[in-house]
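Residue numbers (this note's numbering): 20 to 507. Reviewing the structure listed below.
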Ligand SMILES: [Zn+2]
């Protein structure tokens, strides 16, 4: 008897010890193999239906997956549901109901590769004994086609949960209802200019357990979503400490997340924001991969149940105090007086055809910006803002730009080059100057909404240039600009 007890204690200790080491290392082991799972054909944010269709087609022959066509978009693109697993707990994940929010779609295809691979077999077998996953990637393929938020009807699918007019929204509702899923993952992208409240950190990932009524009550359905967010937050803090935030939880009666929570599915919103030097959001894609997998395994082994929803409440809120570039303490001369200006500059994206974009930067705020932050920030106290001049030689066409020595042009204080013949459709070049038409006049003042193009001078020497919102050290101008604009 004594001996048996002793043995049971030993077995118990062994089980506790192994489950402890399992949960300590499992996600980090998966991350160590991420490069094997990353779907290499999806390379940047502007993915379309044609990029994912062949991948889905391949999965039809994969014994792990059940692939069903479950609807069509307005323009006739197929919507697919991919299911895997045989557990009683149903988990429904849908992405990209906003066509220009593709980060999680890329991560879903990485997760498919994780599921299909021959790695982590025992862990996956345990997972799929407990849960069944249902993925609906790229719910708005018509929007994705032109990289826009809205669908072909021009409506926001996420405001169609009550009227249910769009085929995309109808499909989402029908699948949710037919699965009566226990958990839902509503996968989006948010502005990269959101920061985690009271910090300079970008809100790289924001979570929300959406409210299901105006009172923002917490029942078990919403409470479980909060607990899973606590789990994912703990995991993400290992990779992006301080860069996780919480999305605004005001009840929106027309939105799907809020309604799906109301309909009884524990719903989690994941918003992919910004990350330094990650314009195509490939780091954030990886963070989606790890966050979602950690939640799926937590649902499977029910670890999340012991977590405290007060930890959810402690996650900082989203704030929007971040710029691409923040310049502090500049001297600015106006009508004979010198003032001190901080500038907040964003390198806004303009889509140029479906798979390309260029930057058209803007001053988005000026004045005392001491409560704002920047992905790039420079203290430039003592530097004077000097307007750029127009290069005296007028070029005939854009090809002639190749002959110019931009280093010497910029160092001489020229930020604009006049070109006589500019083709109608051209809006930008890859040169570090602004190209202007023959009728162009240099703007006389800096103002919110204007394009930031000027020089910075100290002790009579021009040291830095800002061209189309890109900051350049004139000692080293290479690679500092993405594009200059053509201004007519
Ligand atoms: Zn969205």
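All residues carry an ideal CB built from backbone N, CA and C; glycine is no exception. The model shown is predicted, which means the values in this text are computed figures rather than measured ones.
*Beta-carbon separation of residue 477 and residue 402 under 8 Å?*
Against the chain shown, residue 477 aligns to sequence position 458. Against the chain shown, residue 402 aligns to sequence position 383. Going by C-beta atoms, residue 477 is nearer than 8 Å to residue 402.
*Check the DSSP bridge columns for residue 350 and list the partner residues they point to.*
To locate residue 350, count along the chain shown from 1; it is residue 331. Answer by DSSP bridge pairing, in chain order: 359, 403.
_Cut-off 8 Å between Cβ atoms - residues of its own chain near residue 132, not counting five sequence neighbours on either side_ = Numbered from its first residue, the chain shown carries residue 132 at position 113. Answer for residue 132: 55, 56, 57, 58, listed in chain order.
*Host alpha helix (DSSP H) of residue 161 (start-end)*: Taking the chain shown and counting its residues from 1, one reaches residue 161 at position 142. According to the DSSP assignment, residue 161 belongs to the alpha helix (DSSP H) that extends over 160-164.
*Could you tell me which of 252, 202, 263 sits nearest to residue 219, measuring between CA atoms?*
One-based indexing of the chain shown puts residue 219 at position 200. The shortest Cα separation from residue 219 among 252, 202, 263 belongs to 263.
*Which ranges does the beta strand (DSSP E) cover as unbroken runs of at least 3 residues, wholly within the region 36-86, from first to last along the chain?*
If we require 3 residues or more, the region 36-86 turns out to have no beta strand (DSSP E) run fully inside it.
*Contact between the region 158-171 and the region 115-131: three or more CB pairs below 8 Å?*
Yes, since at least three Cβ pairs between the region 158-171 and the region 115-131 fall closer than 8 Å, the two stretches touch.
*From the DSSP output, which residues share a beta bridge with residue 571?*
Outside the displayed range of the chain (20 to 507) lies residue 571, so it cannot be described from this structure.
*Local Cβ density within 10 Å of residue 23, reported as buried at 16 or more and exposed below that*: Numbered from 1 along the chain shown, position 4 holds the residue referred to as residue 23. Confidence in residue 23 is poor, its pLDDT being 41 and thus under 50, which makes the residue's placement too unreliable to answer from.
*Express the C-alpha separation of residue 490 and residue 346 in angstroms, rounding to a whole number.*
Position 327 of the chain shown holds residue 346. Position 471 of the chain shown holds residue 490. Between residue 346 and residue 490, the C-alpha separation is close to 10 Å.
*Report yes if the C-beta of residue 117 is less than 7 Å from at least one heavy atom of ligand 1; otherwise report no.*
Position 98 of the chain shown, counting from 1, holds the residue named residue 117. The answer is yes for residue 117.
*Reducing DSSP to helix, strand and coil, say where residue 284 ends up.*
To locate residue 284, count along the chain shown from 1; it is residue 265. Three-state result, residue 284: coil.
*To the nearest whole angstrom, what separates the beta carbons of residue 156 and residue 114, a pair I think is in contact under 8 Å?*
The count along the chain shown starts at 1 and reaches residue 156 at position 137. The count along the chain shown starts at 1 and reaches residue 114 at position 95. Indeed they touch by this definition, with Cβ atoms about 5 Å apart.
*Can you find a heavy atom of ligand 3 that lies under 7 Å from the Cβ of residue 161?*
Judged by which ligands are present, ligand 3 is missing from the structure shown, whose ligands are ligand 1.
*Classify residue 182 as buried or exposed, calling it buried when 16 or more other Cβ atoms lie within 10 Å of its own Cβ.*
Position 163 of the chain shown, counting from 1, holds the residue named residue 182. Its Cβ having fewer than 16 others within 10 Å, residue 182 is exposed.
_Backbone CA spacing between residue 249 and residue 336 [nearest angstrom]_ = Sequence index remark: in the chain shown, residue 249 carries index 230 (1-based). Sequence index remark: in the chain shown, residue 336 carries index 317 (1-based). Approximately 14 Å, taken between the alpha carbons.
*With residue 143 as the anchor, note down where its beta strand (DSSP E) starts and where it stops.*
The sequence position of residue 143 within the chain shown is 124, counting from 1. Where residue 143 is concerned, there is no enclosing beta strand (DSSP E), although the alpha helix (DSSP H) it sits in stretches over 140-149.
*Let me know the secondary structure DSSP gives residue 312 once reduced to three states.*
Here residue 312 is taken as the residue at index 293 of the chain shown, counted from 1. Of the three classes helix, strand and coil, the one that applies to residue 312 here is helix, per DSSP.
*What residue from 314, 485, 70 has the CA that sits closest to residue 365's CA?*
The count along the chain shown starts at 1 and reaches residue 365 at position 346. Cα-wise, what sits closest to residue 365 is 485.
*Pair every Cβ in the region 237-249 with every Cβ in the region 295-305, then say whether three or more of these pairs are closer than 8 Å.*
Short answer: they don't touch.
*Count the other CB atoms, across all protein chains shown, that sit within 10 Å of the CB of residue 186; report buried if there are 16 or more and exposed otherwise.*
By 1-based counting over the chain shown, the position of residue 186 is 167. With 16 or more other Cβ atoms within 10 Å, it is buried.
*CB-CB under 7 Å to residue 97, same chain, minus the five flanking residues each way: which ones, in chain order?*
Taking the chain shown and counting its residues from 1, one reaches residue 97 at position 78. Residues of the same chain with a CB within less than 7 Å of the CB of residue 97, apart from the 5 flanking positions on each side, are 88, 91 in chain order.
*For the region 287-294 against the region 203-218, are there 3 or more C-beta pairs whose distance is under 8 Å?*
Proximity of the region 287-294 to the region 203-218 meets the contact definition, three or more beta-carbon pairs being nearer than 8 Å.
_Distance CB(residue 473)-CB(residue 451) smaller than 8 Å_ = Along the chain shown, one-based indexing puts residue 473 at 454. Along the chain shown, one-based indexing puts residue 451 at 432. Not a contact, by the Cβ cut-off of 8 Å.
*asked:* Please report the straight-line C-alpha distance between residue 82 and residue 139, rounded to a whole angstrom.
replied: Locating residue 82 in the chain shown gives position 63, where the first residue counts as 1. Locating residue 139 in the chain shown gives position 120, where the first residue counts as 1. Computed Cα separation, rounded: 17 Å.
*Between residue 200 and residue 190, what straight-line distance do the alpha-carbon atoms span, to the nearest angstrom?*
Position 181 of the chain shown, counted from the start, is the residue given in the question as residue 200. Position 171 of the chain shown, counted from the start, is the residue given in the question as residue 190. Note on geometry: alpha-carbon atoms of residue 200 and residue 190 lie some 14 Å from one another.
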